[in-house]
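Student: Sequence order for the protein chains is A, B and C. Here the first sequence stands for residues 75 to 365, where the numbers follow the numbering used here. Here the second sequence stands for residues 9 to 278, where the numbers follow the numbering used here. Here the third sequence stands for residues 577 to 1004, where the numbers follow the numbering used here. Structure incoming, see below.
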Amino acid sequence: MNMRLSYGMGFILLVLPCSLLVAFTHYPALKALLNSFWNNGSSIRPSRFVGVKNYQTLLEDDKLMQVLINSFIYAIGTVPLAIALAIGMALLVNSKLPATGLMRLSFFLPTMLPMVAVANIWLFFYAPGIGLASQLLNAVGLPSINFLGSTNTSLASMMVVAVWKEAGLFMIFYLAALQSIPTNLKDAARLEGAGSVRIFFDVVLPLLRPTTIFVAVNALINAFRLVDHIVVMTRGGPNNSSSLLLYYIYEVTFGFRDFAYGATLTVLMVVILGILAAFQFWVLDRKAHYQ
Amino acid sequence: MTEGLNRIAFATLAIVLAALWGLPFLYSVWTAFHPEKYSANFVWNAPLTLSNFVEAWQAAPFALYFLNTVILIATVLVANLILCTLVAYAFVRYRFRWAGFLFSLVMVQLLISPEILIVENYLTLNNIGLTDTIIGIALPYLTSAFGIFLLRQTFKTVPKSLDEAAQIEGASAWRVLWTVYVPLARPVYLAYGLVSISFHWNNFLWPLIVTNSPEVRPVTVGLSVFATVESGIEWSLVNAATLMTTAPLIVAFLIFQRQFVANFMRAGIK
Amino acid sequence: MKTRLKMAIPLVTGAAIALTAPAVQAADLEFYFPVGVNAPAVATIEKLTNAWAAQNPQHTVKAVYAGNYEETTTKALTAAQAGDPPQVAVLLAIDIFTLIEEDVILPISDIATSPEEKAWIGSFYDGFMVDTQFGGKTYSIPFQRSTPVFYYNKDAWRAAGLDPEVTPATWDEMVEMGKKLTVKDDNGNVTQWGTRIPNLGLAGAWLFGGLVKSKGDGLSTDTGTEARFDTEAAKASLDFMLRLAKEEVMAPGGITWGDTPKAFLEGQAASIWTSTGNLAFINENAEFDWGVGFLPGGDGPGAPVGGGNFYIFKDTTEEERAAALDFVKFMSTPENQAVWSMATGYVAPSAAAWETPEMQAYAKRLPQALVALDQMPHAYREFATFQRARVTQFLVDAIEGVITGGADPAAALAEAQDKADDVLGEYR
Chain A
75 MNMRLSYGMG
85 FILLVLPCSL
95 LVAFTHYPAL
105 KALLNSFWNN
115 GSSIRPSRFV
125 GVKNYQTLLE
135 DDKLMQVLIN
145 SFIYAIGTVP
155 LAIALAIGMA
165 LLVNSKLPAT
175 GLMRLSFFLP
185 TMLPMVAVAN
195 IWLFFYAPGI
205 GLASQLLNAV
215 GLPSINFLGS
225 TNTSLASMMV
235 VAVWKEAGLF
245 MIFYLAALQS
255 IPTNLKDAAR
265 LEGAGSVRIF
275 FDVVLPLLRP
285 TTIFVAVNAL
295 INAFRLVDHI
305 VVMTRGGPNN
315 SSSLLLYYIY
325 EVTFGFRDFA
335 YGATLTVLMV
345 VILGILAAFQ
355 FWVLDRKAHY
365 Q
Chain B
9 MTEGLNRIAF
19 ATLAIVLAAL
29 WGLPFLYSVW
39 TAFHPEKYSA
49 NFVWNAPLTL
59 SNFVEAWQAA
69 PFALYFLNTV
79 ILIATVLVAN
89 LILCTLVAYA
99 FVRYRFRWAG
109 FLFSLVMVQL
119 LISPEILIVE
129 NYLTLNNIGL
139 TDTIIGIALP
149 YLTSAFGIFL
159 LRQTFKTVPK
169 SLDEAAQIEG
179 ASAWRVLWTV
189 YVPLARPVYL
199 AYGLVSISFH
209 WNNFLWPLIV
219 TNSPEVRPVT
229 VGLSVFATVE
239 SGIEWSLVNA
249 ATLMTTAPLI
259 VAFLIFQRQF
269 VANFMRAGIK
Chain C
577 MKTRLKMAIP
587 LVTGAAIALT
597 APAVQAADLE
607 FYFPVGVNAP
617 AVATIEKLTN
627 AWAAQNPQHT
637 VKAVYAGNYE
647 ETTTKALTAA
657 QAGDPPQVAV
667 LLAIDIFTLI
677 EEDVILPISD
687 IATSPEEKAW
697 IGSFYDGFMV
707 DTQFGGKTYS
717 IPFQRSTPVF
727 YYNKDAWRAA
737 GLDPEVTPAT
747 WDEMVEMGKK
757 LTVKDDNGNV
767 TQWGTRIPNL
777 GLAGAWLFGG
787 LVKSKGDGLS
797 TDTGTEARFD
807 TEAAKASLDF
817 MLRLAKEEVM
827 APGGITWGDT
837 PKAFLEGQAA
847 SIWTSTGNLA
857 FINENAEFDW
867 GVGFLPGGDG
877 PGAPVGGGNF
887 YIFKDTTEEE
897 RAAALDFVKF
907 MSTPENQAVW
917 SMATGYVAPS
927 AAAWETPEMQ
937 AYAKRLPQAL
947 VALDQMPHAY
957 REFATFQRAR
967 VTQFLVDAIE
977 GVITGGADPA
987 AALAEAQDKA
997 DDVLGEYR
């Protein structure tokens, strides 16, 4: 429609709601940039302008380097795995196998749970000795693994938790996509003698591309946004092996009470997300057409 | 022949995957219903008990936490429905300068959600004195870019002829909105509502730093406060508390499974 | 113990304070406190708080359970920054420097100025008062103080052919006895470890402080500007932990604090190093004969002191301060200290508490409770400096890096020392 927007209407329809949004999205981003040029103050030592000093600290921060590497591995690891599992689950649930309702329940349930609940469940599951994971390992004669207490396994353990929670949600999106694939396409392929596997890779998968893009974007955003399990299970440890960027921001700001460095890290995070967004845009532009 | 074997392999895979997937949750449930002694020892016929739930319920004000969560999600949902409708309406029905720019600006929130900017948002809230309040938790989320996106897509599909017809009959912009656009978007409102409720029920980090007192703590923060211990962790209690806090969601899901799934699917497609 | 001689003074003082305190103007108090899942503890706090409220109907007091220590401190600081602090809170003793830097607390010695009140301040054990001092003033009053002790499974001792009344006194003895206590199954997997010392996170750093003390050094000093990480004692302590794992006395890798009592009760560890605050929990749930001893030490016994103290906040009115002080005095009367100590296992911080009939009976029923008290002369203040959270994290990272990631102890400690010096340099 092309109606003219009066100032009054504009105010109610746009200005009011959007200013709320801007106040908690764009304004804080700019504020973080501003605050990153001041140092951290306290009651007895007030804060002063320090230019790019915080950024120098940032560049020299080994812990940050570890955190960024972790975040990168975490994103690269969880996104494809969640997608692959989601497609698999969707195929299973969509098939003629018995008890698909129960399967769907089992796969989707973790999505309904808050991440803190998931974290508690897995904290118990991973507990050395008394947790089910250890008991299962011992039952087959393998030694217990200290999942959360070892620098080698803590990040991977967190990734498993994230995938467990997310894959079910993505399964639903794939289910929708699968059910909207016209059967005549598959029938035509079968007539030409293609087996199930070929049908899947040549017919079904390409048609799932839009969903995959949507799911990948979501998963990527969540990989940065959701750190509840880190807070509850490992607190970034041991020795920062499971610390992710948002968790580090939380630790620095609310643990060490260094709001200035927290602001600096926030700027970094926004920049990283911006680059990711630009990258996604580029991918989207090139790939599927998506209603 | 291979098709048959394939089917068996497939079925086995399905069962194993579904079982493994459900294992952590099932173990948690099992532990919640058995005394602490058995929380590390899986004994088939160990005695069931409800005492963990009773003890957990009494150890922290879970009723209050639930109430807070309900108030929170209701507030956010109502605000979302109203505000997102308004903005989507503006983008679809009107032409104005900066429309494209404004829309891109709003969509930024899809990527940079309020938790990302937790440091500054906390300071903002502090400056306006709304820390430790439920409205404080809700504030950054009242206008949701996702909601705007969904509703704009939906409103776009409303036939212009309906709109024009209503105008001819003298309807104001508000009447047109209420009688033409909103009813046609009802399924999307439902879908979006579920997504919103689910998201805000589960939100943790932001409410954690915003709230101090039990009076405003939502259930997720209450659970974590309950579970962080200075002395030993009692797993049967923690699992009972975890189950308690998620039970409403699970029950709702079991009852409305079909609708939930259908609505998430719809939200996904759009 | 010298403390038993001081018995008379605090009892009389307590009575004197109660009788002579002037009527205080009405005030609404908010009281933040941290406890664990141990549900009776929360109920006990509420019971005590209500008792004070009943005795002082002109005031109201709201006890707010704010989570664990870290969370409670964060909440209190956040509230203070928002201009609405609690009037009184139990926070970590070691938060003193942070609280002073943020300028949110008042020295108790500035409010409690009468001679009786001064005597009251002096009635607590020195070991618990050391970390309340800064700049010559007393900033807090001990309340839930703890120290770790060595819990051991006497039945496991007997099964290993050890005398169930003898615990290891030195690190070498710990290794010796531990080797006998570790039990493996037919597959070669360990079913019972000789001992279990939590080493992850802040709890790990806490216990680490005790190890360092037992080698004759400390992790920090009372200036708040010095961190002593790169010391022989610290290195020896890390070597000891590694040795325990290598000799298969203790599980290798990261060991959590929270699961430790449970592991003990399940028989997964024949002995554990954990807070005396777990005494009640273990007592209720142990299905075997158990005892408590001093922590084995490097050159002699050593332990850290931890736990929470009462702080009174600055952004308060005269009436609120007076009421808060009265509340604190009430909570630290010998009788109430006894109630609290018996409910939790925390060490009652004044001699008078141990002399009350209830505590005497309790000590008879549960002699294990006395060990923590007897270990006090060998205890040292917990690590505390300005920017404590940040600096402690350097130590935590170093310990975790060595234990779970195979880092070299000397290098890790040197690195932690450098980082600490960088941060603390600004305060010197």
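Backbone N, C-alpha and C fix where the C-beta goes; we use that ideal spot for every residue, glycine too.
Any idea which residues DSSP pairs E606 (chain C) with across the strands?
Tutor: In the third sequence, residue 606 (chain C) corresponds to position 30, counting from 1. According to DSSP, E606 (chain C) bridges with C:K638.
Student: For S221 (chain B), collect the residues of the same chain with a Cβ closer than 7 Å to its Cβ; drop the 5 residues on either side in sequence, then sort them by chain order.
Tutor: The residue labelled residue 221 (chain B) in the question sits at position 213 within the second sequence. Closer than 7 Å at the Cβ level, and outside the excluded window around S221 (chain B), lie D140.
Student: What in chain C is Cβ-close to G311 (chain A), meaning under 7 Å?
Tutor: Here residue 311 (chain A) corresponds to residue number 237 of the first sequence, with the count starting at 1. Within chain C, the residues near G311 (chain A) are L776, G777, E976.
Student: Looking at C-alpha atoms only, which residue of C:A914, C:G698, C:G876, C:G786 is the closest neighbour of T620 (chain C)?
Tutor: Here residue 620 (chain C) refers to the residue found at position 44 of the third sequence. Per the Cα distances, C:A914.
Student: Would you decide whether F355 (chain A) is buried or exposed? Buried here means 16 or more other CB atoms lie within 10 Å of its CB.
Tutor: The sequence position of residue 355 (chain A) within the first sequence is 281, counting from 1. Per the 10 Å Cβ criterion, exposed.
Student: Could you tell me the alpha carbon to alpha carbon distance between A260 (chain B) and F163 (chain B), rounded to whole angstroms?
Tutor: On the second sequence, residue 260 (chain B) is found 252 positions in, with the first residue counted as 1. On the second sequence, residue 163 (chain B) is found 155 positions in, with the first residue counted as 1. Taking the Cα positions, A260 (chain B) is about 29 Å away from F163 (chain B).
Student: Starting from T980 (chain C), find everything on chain A with Cβ-Cβ shorter than 7 Å and list it in chain order.
Tutor: Sequence index remark: in the third sequence, residue 980 (chain C) carries index 404 (1-based). By Cβ distance, chain A contributes G223, S224, T225, P312, N313.
Student: Given that N129 (chain B) touches chain C, what residues does it touch there, using C-beta distances under 7 Å?
Tutor: On the second sequence, position 121 is the one that residue 129 (chain B) refers to. The premise fails here: N129 (chain B) is roughly 14 Å from chain C at the closest Cβ pair, so nothing lies under 7 Å.
Student: What do you reckon, are the CB atoms on E128 (chain B) and K105 (chain A) nearer than 8 Å?
Tutor: As a position in the second sequence, residue 128 (chain B) is number 120, starting the count at 1. As a position in the first sequence, residue 105 (chain A) is number 31, starting the count at 1. In contact: E128 (chain B) and K105 (chain A) (Cβ atoms closer than 8 Å).
Student: Where does G30 (chain B) sit, in a helix, a strand or coil, going by DSSP?
Tutor: As a first step, residue 30 (chain B) must be located in the second sequence, where it is residue number 22. G30 (chain B): helix per DSSP, three-state reduction.
Student: Under three-state DSSP, which class holds P188 (chain A)?
Tutor: Here residue 188 (chain A) corresponds to residue number 114 of the first sequence, with the count starting at 1. Correct three-state label for P188 (chain A): coil.
Student: What span of residues does the alpha helix (DSSP H) with I676 (chain C) cover, start to end?
Tutor: Locating residue 676 (chain C) in the third sequence gives position 100, counting from the first residue. I676 (chain C) -> alpha helix (DSSP H) spans 672-677.
Student: DSSP three-state call for F330 (chain A): helix, strand or coil?
Tutor: As a first step, residue 330 (chain A) must be located in the first sequence, where it is residue number 256. Coil at F330 (chain A), not helix or strand.
Student: Going by C-alpha distance, which of A:D136, A:S80, A:G162 is nearest F6 (chain B)?
Tutor: Residue 6 (chain B) lies beyond the stretch modelled for chain B, which goes from 9 to 278, so this question has no answer here.
Student: Could you please give the first and the last residue of the uninterrupted beta strand (DSSP E) stretch that includes S847 (chain C)?
Tutor: Mapped onto the third sequence, residue 847 (chain C) falls at position 271. Membership of S847 (chain C) in the beta strand (DSSP E) is indicated by the continuous run 847-851.
Student: Is DSSP giving P826 (chain C) helix, strand or coil here?
Tutor: As a position in the third sequence, residue 826 (chain C) is number 250, starting the count at 1. Rather than Pro, the amino acid found at residue 826 (chain C) in this sequence is Met. M826 (chain C): coil per DSSP, three-state reduction.
Student: Please give the ranges of any alpha helix (DSSP H) in the stretch 134-171 of chain A, keeping only runs that are unbroken, at least 4 residues long and fully inside the region.
Tutor: 136-168
Student: Beta-carbon of A213 (chain A) versus every beta-carbon of chain C: anything under 8 Å?
Tutor: Counting from one through the first sequence, the residue named residue 213 (chain A) turns up at place 139. Not closer than 8 Å to any Cβ of chain C, the Cβ of A213 (chain A) fails to qualify, so no.
Student: Residues of chain C with CB under 7 Å from N220 (chain A), in chain order?
Tutor: Counted from its first residue, the first sequence places residue 220 (chain A) at position 146. The answer, in chain order, is G829, G830.
Student: Between A328 (chain A) and chain C, is any beta-carbon pair separated by less than 8 Å?
Tutor: Working through the first sequence from its first residue, we reach residue 328 (chain A) at position 254. Note on residue identity: the sequence assigns Phe, not Ala, to residue 328 (chain A). Yes, F328 (chain A) counts as interfacial toward chain C.
Student: Which residue from C:R721, C:W782, C:F607 puts its Cα closest to that of L916 (chain C)?
Tutor: In the third sequence, the residue the question calls residue 916 (chain C) occupies position 340. The amino acid at residue 916 (chain C) is misidentified as Leu; the sequence shows Trp. Ranking the options by Cα distance to W916 (chain C), first place goes to C:R721.
Student: Let me know if E240 (chain A) comes out buried or exposed under the rule of 16 or more other beta-carbons within 10 Å of its beta-carbon.
Tutor: For the purposes of this step, residue 240 (chain A) is identified with residue 166 of the first sequence, where counting begins at 1. E240 (chain A) is buried by the Cβ-count criterion.
Student: Please state if the CB of Y608 (chain C) and the CB of P662 (chain C) are separated by a distance shorter than 8 Å.
Tutor: On the third sequence, residue 662 (chain C) is found 86 positions in, with the first residue counted as 1. On the third sequence, residue 608 (chain C) is found 32 positions in, with the first residue counted as 1. Yes, Cβ-Cβ distance for P662 (chain C) and Y608 (chain C) is below 8 Å.
Student: Between the alpha carbons of L989 (chain C) and N212 (chain A), how many angstroms are there, rounded?
Tutor: Stepping through the third sequence from its first residue, residue 989 (chain C) is reached at position 413. Stepping through the first sequence from its first residue, residue 212 (chain A) is reached at position 138. Taking the straight line from one Cα to the other gives about 36 Å.
Student: Between which two residues does the alpha helix (DSSP H) holding Y200 (chain B) run?
Tutor: In the second sequence, the residue the question calls residue 200 (chain B) occupies position 192. Counting along the chain, the alpha helix (DSSP H) containing Y200 (chain B) begins and ends at 194-210.
Student: Would you call M139 (chain A) buried or exposed, if buried means 16 or more other Cβ atoms sit within 10 Å of its Cβ?
Tutor: By 1-based counting over the first sequence, the position of residue 139 (chain A) is 65. Exposed, by the Cβ-count rule.
Student: How long is the line joining the alpha carbons of A656 (chain C) and W733 (chain C), rounded to whole angstroms?
Tutor: Start at 1 with the first residue of the third sequence, and residue 656 (chain C) comes out as number 80. Start at 1 with the first residue of the third sequence, and residue 733 (chain C) comes out as number 157. Rounded to the nearest angstrom, the two C-alpha atoms are 51 Å apart.
Student: Starting from A201 (chain A), find everything on chain C with Cβ-Cβ shorter than 7 Å and list it in chain order.
Tutor: Counting from one through the first sequence, the residue named residue 201 (chain A) turns up at place 127. Neighbours of A201 (chain A) on chain C, chain order: D835.
Student: In its own chain, which residues sit with a C-beta less than 8 Å from the C-beta of G977 (chain C), not counting the 5 before and 5 after it?
Tutor: Residue 977 (chain C) sits at position 401 when you count from the first residue of the third sequence. Shown here for G977 (chain C): same chain residues with a beta carbon closer than 8 Å to its own, the five before and five after excluded, namely A983, A988 in chain order.
Student: Work out the CA separation of G853 (chain C) and Y922 (chain C) for me, nearest whole Å.
Tutor: Position 346 of the third sequence, counted from the start, is the residue given in the question as residue 922 (chain C). Position 277 of the third sequence, counted from the start, is the residue given in the question as residue 853 (chain C). Going from the Cα of Y922 (chain C) to the Cα of G853 (chain C) covers about 5 Å.
Student: Using a cut-off of 9 Å between C-beta atoms, extract the partners of T650 (chain C) located in chain A.
Tutor: In the third sequence, the residue the question calls residue 650 (chain C) occupies position 74. Here the neighbours are F328, G329, R331.
Student: Under 6 Å Cβ to Cβ from T185 (chain A), same chain only, skipping five residues before and after it: list those, please.
Tutor: Position 111 of the first sequence, counting from 1, holds the residue named residue 185 (chain A). Excluding positions up to five away in sequence, the list reads G242, L243.
Student: Check L668 (chain C) in the structure and name its three-state DSSP category.
Tutor: What you label residue 668 (chain C) is simply residue 92 of the third sequence in a count that begins at 1. Three-state result, L668 (chain C): strand.
Student: Check the DSSP bridge columns for N729 (chain C) and list the partner residues they point to.
Tutor: Here residue 729 (chain C) is taken as the residue at index 153 of the third sequence, counted from 1. C:W866.
Student: So, for R183 (chain B): in the same chain, excluding its five sequence neighbours on each side, which residues have a beta-carbon less than 8 Å away from its beta-carbon?
Tutor: Here the question's residue 183 (chain B) lines up with position 175 in the second sequence. So the qualifying residues of the chain are A174.
Student: Let me confirm a value: R78 (chain A) is counted as buried when at least 16 other C-beta atoms fall within 10 Å, else exposed. Which label applies?
Tutor: For the purposes of this step, residue 78 (chain A) is taken as the residue at position 4 of the first sequence. Counting Cβ neighbours within 10 Å, R78 (chain A) comes out exposed, since fewer than 16 surround it.
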